[in-house]
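Enquirer:
In full-length UniProt numbering, the protein residues as written are 1 to 435.
Right, dumping it as structure tokens:
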């Protein structure tokens, strides 16, 4: 019996902890991808331009970046358990903040709630990965973490489906012009109903978050990161002098930026080019996510035979080609070219992460926090792309199309630049294939 216990991926005494942590992996995957759909939803409800509606992503990913390092300090000083409690607590507060924001029909209050909610998810993500590793022997730690992470894409798919049918599916069909022409009372009634449906999934998930929070509150375990002192200033001074790491953080910034920007503007692109509503356009986002997940599993298997850096370089080239396809190809082909961009992105985050952290030794904790902070790219690249969609300043490069379609197509020159950065990093800092 003792032999079985030693070789078990998750020892029996930690199984409930592990199950509850898996719930956290599902939760942040779900909320990440559901929030992408708030951009078109708020754009329609509050009649916002693309750049203004993308402030949702600025709040979400800006919070992720701001709280990554404090989260590392929190779990170092106290425990993983307290990190989970704080993360879930912030999520609960942020999600409940949707209620007064909806009652007041105030977009800025929604942004504050999104920032608080995302801060909780940032702390959860920074905490749960090492927490899972600590629940058992070092021998099975990688398998244990991979098992937990396998549930994250399930949450991502659930988030897209919930957004499609609960949030986007309950938007009133009235166009921008029709809303402008409405009386204030009629418009307010429509907005009130739409905002209620925005709140439903976020507030409903609070029940699950409270159950998980209560479990960890009553839990006696207080697993702590005891791997030594965390000297942040000294670590940063050393890290910025390491080209593999420093350029890795920059590359991760551009990668996360292109990932979030492409996913954020997929629905807008399909609506403009194909001429369908938000809920119908969301099915293309769902297909893109299936491709992203499938290619991640395929690429993980292929890394036993092909160098990760070379594979990422190939996918970066394909990402550039698919982005150009979204700009120049006829509508039917361009939409599927857009969908394929997600498959090209599938291996990039973990591969950049692994290459950048290679050989960092004891500096790896601060190094990892820096790479999580690079998620700020999602808060920067997304609104930049939104500004180009609004202004159409690149439309002259797409002479075959006019107006809004030319503007949204030409904005995909931004992903071309981002994938080019990934390509350069892939070729300059290659990592040997995984054994």
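We put the beta carbon where it would ideally sit given N, CA and C, even for glycine.
Fair warning: this is a prediction, and the values are worked out from it, not measured in the lab.
#1: Given residue 176, which residues of its chain have a CB within under 7 angstroms of its CB, disregarding the five upstream and five downstream residues?
#2: I believe residue 329 touches residue 337 by the beta-carbon criterion, under 8 angstroms. Please report the beta-carbon distance rounded to the nearest angstrom.
#3: DSSP on residue 222, reduced to helix/strand/coil?
#4: Could you tell me the distance, in whole angstroms, from the CA atom of residue 325 to the CA atom of residue 340?
#5: Just the Cα atoms here: how many angstroms apart are residue 178 and residue 51?
#6: Determine whether the beta carbon atoms of residue 180 and residue 110 lie at a separation below 9 angstroms.
#7: Is there contact here, the segment 119 to 126 with the segment 82 to 90, by at least three beta-carbon pairs under 8 angstroms?
#8: Whole angstroms are fine: how far does the CA of residue 37 sit from the CA of residue 106?
#9: With 16 other CB atoms within 10 Å as the buried threshold, where does residue 263 fall?
#10: Near residue 28, what residues of its chain come up, given a Cβ to Cβ distance below 6 angstroms and the 5 sequence neighbours on each side ignored?
#11: Is the CB-CB distance between residue 375 and residue 252 below 9 angstroms?
#12: Among 44, 35 and 19, which one has its Cα closest to the Cα of residue 277?
#13: Our contact map puts residue 83 next to residue 74 with C-beta atoms below 8 angstroms; I'd like the distance itself, whole angstroms only.
#14: By alpha-carbon positions, which one of 53, 131, 426 and 160 ends up nearest to residue 108?
#15: Following the continuous alpha helix (DSSP H) through residue 277, name the residue where it begins and the one where it ends.
#16: Would you report the Cα separation of residue 26 and residue 218, rounded to the nearest angstrom?
#17: With 16 other CB atoms within 10 Å as the buried threshold, where does residue 418 fall?
#18: Check the C-beta distance from residue 327 over to residue 68 and give it rounded, since I have them as a contact under 8 angstroms.
#19: So, at 7 angstroms on beta carbons, what are the nonlocal neighbours of residue 423 in its own chain, with the 5 sequence-adjacent residues on each side left out?
#20: Nearest-angstrom Cα distance between residue 345 and residue 259?
Expert: According to the structure shown:
#1: The answer, listed in chain order, is 47.
#2: Going by Cβ atoms, the distance from residue 329 to residue 337 rounds to 6 angstroms, so yes, they are a contact pair.
#3: Low per-residue confidence applies at residue 222: pLDDT is 49, beneath 50, and the placement is therefore not dependable enough to give any value.
#4: Between the C-alpha atoms of residue 325 and residue 340 there is a straight-line separation of about 10 angstroms.
#5: When rounded, the distance between both Cα atoms is 21 angstroms.
#6: If you check the CB distance, residue 180 and residue 110 do not come in under 9 angstroms.
#7: Remark: three or more beta-carbon pairs, one from each stretch, lie closer than 8 angstroms, so the segment 119 to 126 and the segment 82 to 90 are flagged as touching.
#8: Distance between the alpha carbons of residue 106 and residue 37 is about 18 angstroms.
#9: Note on residue 263: 16 or more other CB atoms within 10 angstroms of its CB, so buried under the neighbour-count rule.
#10: These residues qualify, in order along the chain: 121, 124 and 125.
#11: Residue 375 places its beta carbon less than 9 angstroms from that of residue 252.
#12: Ranking the options by Cα distance to residue 277, first place goes to 44.
#13: Sure, about 5 angstroms apart at Cβ, within 8 angstroms.
#14: Here the closest residue by C-alpha is 53.
#15: Counting along the chain, residue 277 falls outside any alpha helix (DSSP H), and DSSP gives it neither H nor E.
#16: When rounded, the distance between both Cα atoms is 22 angstroms.
#17: Residue environment for residue 418: buried (at least 16 other C-beta atoms within 10 angstroms of its C-beta).
#18: That pair is no contact at about 34 angstroms.
#19: Hits under 7 angstroms: 313, 316 and 317.
#20: Using only the alpha carbons, I get a separation of about 7 angstroms.
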